[in-house]
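Sequential numbering of the sequence shown, starting at 23, is according to the working numbering. Where is the CB? At the ideal position from N, CA and C, for every residue including glycine. Okay, so here's the structure we're looking at.
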Amino acid sequence: MTDQAAAVLSAMSARAPEVFAATVRVLSAVAEAHERGTVPPGANPTDQWGDVYDLDVPGHPVLVEWFTGDPEAVTFTRVTWLEAGR
Numbered sequence: 023m024t025d026q027a028a029a030v031l032s033a034m035s036a037r038a039p040e041v042f043a044a045t046v047r048v049l050s051a052v053a054e055a056h057e058r059g060t061v062p063p064g065a066n067p068t069d070q071w072g073d074v075y076d077l078d079v080p081g082h083p084v085l086v087e088w089f090t091g092d093p094e095a096v097t098f099t100r101v102t103w104l105e106a107g108r
């Protein structure tokens, strides 16, 4: 996980536990899919090589991005949280 993703998750856990929990469920689903050599339903490729994907967190203004180029490990590269009223 990148420092950016970790920092957003840390802030989210303190300010919006429900959003944090939903995001962790998505991160877990991505990791489980990666172990099977797939991506979760609804994931979108974001680069020309098909190594980077993103996925919305259902019901929350959060976008998770990850790198799949390493078959041994998934790397969460970015978590974008669009807080209301910010």
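Limits of the unbroken beta strand (DSSP E) element including residue i
{"i": "V86", "result": "V84 to F89"}
{"i": "T99", "result": "T97 to W103"}
{"i": "V74", "result": "V74 to D78"}
N-terminal and C-terminal residue of the alpha helix (DSSP H) that residue i is part of
{"i": "D92", "result": "Note, D92: premise wrong, no alpha helix (DSSP H); not H, not E."}
{"i": "V48", "result": "P39 to E57"}
Check whether residue i and residue j have beta carbons under 7 Å apart
{"i": "G91", "j": "D73", "result": "yes"}
{"i": "V61", "j": "A55", "result": "yes"}
{"i": "V48", "j": "H82", "result": "no"}
6 Å Cβ shell around residue i - same chain, five flanking residues per side excluded
{"i": "A67", "result": "Here residue 67 turns out to be Pro, not Ala, going by the sequence shown. Closer than 6 Å at Cβ, skipping near neighbours: Y75."}
{"i": "A29", "result": "none"}
Buried or exposed (CB count within 10 angstroms, at least 16 for buried), residue i
{"i": "A65", "result": "buried"}
{"i": "E105", "result": "exposed"}
{"i": "A27", "result": "buried"}
Residues of its chain near residue i, where Cβ-Cβ distance is below 7 Å and the 5 sequence neighbours each way are ignored
{"i": "G59", "result": "none"}
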